[in-house]
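Novice:
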Amino acid sequence: MKHTLFLNPPSYEGFDGGAGSRYQARREIRSFWYPTWLAQPAAMVPGSRLIDAPPDGLTVEQVAPLARDYELAVLHTSTPSFPNDARFAARLKEENPRIEVGMVGAHVGVLPLQSLAGAPAVDWVALGEFDYTCAEIAAGKALPEVQGIAYRDSGQIRITGPRPTIENMDALPNVIEVYKRDLTIENYFIGYLQHPYVSLYTGRGCRSKCTFCLWPQTLGGHRYRVRSADSVEAEMAAAKKYFPQVREFFFDDDTFTDDLPRAEEIARRLGRLGIRWSCNAKANVPRKTLEILRANGLRLLLVGYESGNQQILNNIKKGTRIDIAREFTKNCRELGITIHGTFILGLPGETPETIRETIRFACDIEPETIQVSLAAPYPGTELYRQAQEQGWLQIQTGELVDTHGVQVAAISYPTLSSTLIFDSVEEFYRKFYFRPRKIFSLVGQMVRSPEVMKRRLREGVEFFRFLHERKQTPQASGAAVGSPAS
Ligand code: SF4
């Protein structure tokens with residue numbers, strides 16, 4: 003077995019770009035998802051170590067020398083972080099010229115040849131799901147015999163046959179063993195989740211076909227492949243024991259509610275374990291299911307509303323209806339389920355009027371908290387193909403963040419400039435949060451809990467600093483893009 007290091011490399015300060023982040027960027031407030039995609043193969047390689055540099059605040063100087071102690075390094079990369087990660091791979095080879103370096107993640111899977119050309123220090127990249135790929139390479143299997151990779155062979159690049167999609171999800175070992183061994187739970191924050199939290203998956207893939215969404219179009223696919231309720235229950239029972247300090251568990255499956263009977267069955271088991279939990283959901287979960295989930299420990303749903311305009315939802319193949327989303331949100335409020343709603347500005351069909359409509363919609367349905375993102379055309383998605391064909395791209399491939407790791411407006415339309423889309427994010431936040439009713443509710447929560455007060459004040463400072471910094475960055479034409487400071 004090769005002595006193996008799994009790495010989320012050092013990056014922009016506060017960059018939530020690890021192997022658990024759906025779109026990689028520095029957030030409005032300090033946020034880090036768990037590197038679950040990387041923890042999974044790490045759990046399959048005995049004696050390995052997982053380093054998640056950004057949440058631990060580790061620098062290149064601190065991490066690179068570790069290469070001397072390892073035979074194989076597996077780096078998780080993404081479209082925005084790729085140039086930085088390629089440089090970091092080179093740095094590992096400077097420290098240890100004999101170390102083998104592999105890269106995994108959606109970006110290298112979609113662009114294997116371009117990735118190997120752009121990262122001369124990398125020996126192989128994985129195509130698609132990479133759990134068994136990493137395990138086999140770490141176990142010493144010769145690269146030509148490993149399915150689902152592109153690798154260097156005497157100056158040539160070769161691609162092996164495709165690796166079948168994983169069907170038996172229960173065969174994958176628990177990631178929480180790796181979390182316990184290698185991660186500092188307290189370093190992971192998500193603004194709308196209680197702290198400390200732990201996130202993990204109970205299945206991969208999403209039945210929906212949203213055109214902008216990266217993972218189902220690259221790694222996960224459009225079938226929801228799931229672990230059995232028995233397996234989930236066993237892992238959660240262990241997690242509860244391992245992490246008594248954790249106040250909330252988050253199921254980061256693309257759409258945990260894609261299989262309603264299973265979601266209800268798992269909820270009942272979590273209820274018996276006395277676990278408080280939250281998950282991703284579409285805005286169409288029936289009230290009966292919501293009641294069962296709520297009665298069994300569900301606290302919060304992370305809901306991708308995306309837009310308040312039905313035509314835009316149709317354009318992106320969201321598969322939801324505005325009237326049903328309203329009804330769902332009302333049901334959640336009545337049942338005491340908190341909602342963090344996410345919205346995207348700049349999707350196909352966007353106009354100044356649809357932006358105003360979406361802001362009105364958000365204020366109207368009133369999720370507890372919101373996140374507003376810019377449409378990000380990732381290679382491998384239908385949105386990217388459309389943007390290329392239609393000439394909407396304002397950037398070179400990959401330039402999705404600025405020199406601070408903050409999202410740039412990557413798309414513009416003949417009737418809507420990228421600058422207007424970019425500026426509308428701040429307008430959205432201001433119109434949503436600076437309403438008397440919202441301010442009153444936030445202040446009320448702070449007054450009731452000194453802990454909430456401390457956290458919200460810190461987040462408030464971070465939020466305004468973020469808005470201020472993002473204003474300093476000129477938008478459009480790729481003018482602002484660049485590399486991480488590290
Ligand atoms: S429902 Fe959510 S996870 Fe599924 S494809 Fe759409 S955006 Fe992606």
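Each residue of the sequence shown is one higher than the last, beginning at 3 in our numbering.
Virtual Cβ for every residue (Gly too), placed ideally from N, Cα, C.
(1) Just the residues with CB closer than 6 Å to a heavy atom of ligand 1, in chain order, which are they?
(2) Kindly indicate which three-state DSSP category Glu-30 falls into: helix, strand or coil?
(3) Along the chain, where does the alpha helix (DSSP H) that runs through Leu-40 open and close?
(4) Taking just the CA atoms, how far does Cys-215 sit from Phe-132?
(5) Measure the Cβ-Cβ separation of Leu-402 and Gln-409 and say whether it is below 8 Å.
(6) Flag this pair as touching only if the stretch 443-461 and the stretch 48-60 have three or more C-beta atom pairs under 8 Å; answer yes or no.
(7) With DSSP run on the structure shown, which of helix, strand or coil describes Trp-279?
(8) Would Gly-382 be called buried (16 or more neighbouring beta carbons within 10 Å of its own) or exposed?
(9) Terminal residues of the continuous alpha helix (DSSP H) containing Ser-375?
(10) DSSP three-state label for Gln-398, please.
(11) Could you tell me how far apart the beta carbons of Glu-352 and Ile-294 are, in whole angstroms, since I believe they sit closer than 8 Å?
(12) DSSP state of Trp-217, grouped into three classes?
(13) Taking the beta strand (DSSP E) that Asn-10 belongs to, which residues open and close that run?
(14) Give the list of continuous alpha helix (DSSP H) stretches no shorter than 4 residues that lie fully inside the stretch 71-118.
(15) Pull the bridge partners of Thr-322 from the DSSP assignment, please.
(16) Report yes if the C-beta distance between Leu-74 and Ala-128 is below 8 Å; otherwise report no.
(17) Compute the Euclidean distance between the alpha carbons of Glu-384 and Pro-452, then round it to the nearest angstrom.
(18) Buried or exposed for Ala-173, please, with buried defined as at least 16 other CB atoms from any protein chain shown within 10 angstroms of its CB.
(19) What does a CB cutoff of less than 7 Å around Val-62 pick up in its chain, not counting 5 residues either side in sequence?
(20) Measuring straight from C-alpha to C-alpha, what distance separates Gly-223 and Ala-411?
(21) Is the separation between the beta-carbon of Ser-117 and that of Gln-26 shorter than 8 Å?
(22) Between Arg-274, Ile-159, Leu-304, which has its C-alpha nearest Val-287's C-alpha?
(23) What is the DSSP secondary structure of Ile-178, reduced to helix, strand or coil?
(24) In angstroms, rounded to a whole number, what distance separates the CA positions of Val-112 and Thr-220?
(25) Would you mind sorting Gly-130 into buried or exposed? The rule is 16 or more other CB atoms within 10 Å of its CB.
(26) Indicate the three-state DSSP secondary structure (helix, strand or coil) for Gly-462 in the structure shown.
(27) State the Cα-Cα distance for the pair Val-454 and Ile-31, rounded to the nearest angstrom.
(28) In whole angstroms, what separates the C-alpha of Gly-59 from that of Ile-413?
Specialist: Concretely, from the data shown:
(1) After applying the 6 Å Cβ criterion, the set is Cys-208, Ser-210, Cys-212, Cys-215, Pro-218, Asp-256, Thr-257, Lys-284, Gly-306.
(2) If you number the sequence shown from 1, residue 30 lands on position 28. Of the three classes helix, strand and coil, the one that applies to Glu-30 here is coil, per DSSP.
(3) On the sequence shown, position 38 is the one that residue 40 refers to. Boundaries of the alpha helix (DSSP H) around Leu-40: 38-44.
(4) Position 130 of the sequence shown, counted from the start, is the residue given in the question as residue 132. Position 213 of the sequence shown, counted from the start, is the residue given in the question as residue 215. One Cα belongs to Phe-132, the other to Cys-215, and the distance between them is close to 19 Å.
(5) Against the sequence shown, residue 402 aligns to sequence position 400. Against the sequence shown, residue 409 aligns to sequence position 407. Their beta carbons are under 8 Å apart, which means Leu-402 touches Gln-409 by this criterion.
(6) Taking 8 Å as the limit for Cβ pairs, the verdict is that the stretch 48-60 does not touch the stretch 443-461.
(7) As a first step, residue 279 must be located in the sequence shown, where it is residue number 277. In the three-state DSSP reduction, Trp-279 falls in the strand class (E or B).
(8) Locating residue 382 in the sequence shown gives position 380, counting from the first residue. The Cβ neighbour count for Gly-382, taken over all protein chains shown within 10 Å, is at least 16; the residue is labelled buried.
(9) Walking along the sequence shown from the start, residue 375 turns up at place 373. Here Ser-375 belongs to no alpha helix (DSSP H); instead the beta strand (DSSP E) covers 371-376.
(10) Taking the first residue of the sequence shown as position 1, residue 398 is located at position 396. Three-state result, Gln-398: coil.
(11) As a working note, residue 352 is residue 350 in the sequence shown. As a working note, residue 294 is residue 292 in the sequence shown. About 37 Å separates the two Cβ atoms, so there is no contact after all.
(12) One-based indexing of the sequence shown puts residue 217 at position 215. Looking at Trp-217 - three-state DSSP - the assignment turns out to be helix.
(13) Start at 1 with the first residue of the sequence shown, and residue 10 comes out as number 8. That run of the beta strand (DSSP E) goes 6-10.
(14) The stretch 71-118 contains these whole alpha helix (DSSP H) runs: 84-97, 108-112.
(15) Start at 1 with the first residue of the sequence shown, and residue 322 comes out as number 320. Note: Thr-322 sits in no beta bridge, so no partner.
(16) The count along the sequence shown starts at 1 and reaches residue 74 at position 72. The count along the sequence shown starts at 1 and reaches residue 128 at position 126. No, these two residues do not count as a Cβ contact at 8 Å.
(17) Working through the sequence shown from its first residue, we reach residue 384 at position 382. Working through the sequence shown from its first residue, we reach residue 452 at position 450. Going by C-alpha positions, Glu-384 is about 46 Å away from Pro-452.
(18) Start at 1 with the first residue of the sequence shown, and residue 173 comes out as number 171. With fewer than 16 Cβ atoms within 10 Å of its Cβ, Ala-173 is classed as exposed.
(19) As a working note, residue 62 is residue 60 in the sequence shown. In chain order, Pro-12, Phe-90, Arg-93, Ser-488 place their CB closer than 7 Å to the CB of Val-62, counting only its own chain and leaving out the 5 sequence neighbours on each side.
(20) On the sequence shown, position 221 is the one that residue 223 refers to. On the sequence shown, position 409 is the one that residue 411 refers to. Taking the straight line from one Cα to the other gives about 27 Å.
(21) The residue you call residue 117 lines up with position 115 of the sequence shown. The residue you call residue 26 lines up with position 24 of the sequence shown. Going by C-beta atoms, Ser-117 is not nearer than 8 Å to Gln-26.
(22) Taking the first residue of the sequence shown as position 1, residue 287 is located at position 285. The shortest Cα separation from Val-287 among Arg-274, Ile-159, Leu-304 belongs to Leu-304.
(23) Against the sequence shown, residue 178 aligns to sequence position 176. In this structure, Ile-178 counts as helix in the three-state DSSP scheme.
(24) As a position in the sequence shown, residue 112 is number 110, starting the count at 1. As a position in the sequence shown, residue 220 is number 218, starting the count at 1. Pairing Val-112 with Thr-220, the inter-Cα distance amounts to about 7 Å.
(25) Start at 1 with the first residue of the sequence shown, and residue 130 comes out as number 128. Buried, since its Cβ has 16 or more Cβ neighbours within 10 Å.
(26) Reading the sequence shown from its first residue, position 460 is the one you call residue 462. DSSP, read as helix, strand or coil, puts Gly-462 in helix.
(27) Here residue 454 refers to the residue found at position 452 when the sequence shown is read from its first residue. Here residue 31 refers to the residue found at position 29 when the sequence shown is read from its first residue. Near 15 Å, if we compare the C-alpha coordinates of Ile-31 and Val-454.
(28) Indexing the sequence shown from 1 puts residue 59 at position 57. Indexing the sequence shown from 1 puts residue 413 at position 411. Approximately 32 Å, taken between the alpha carbons.
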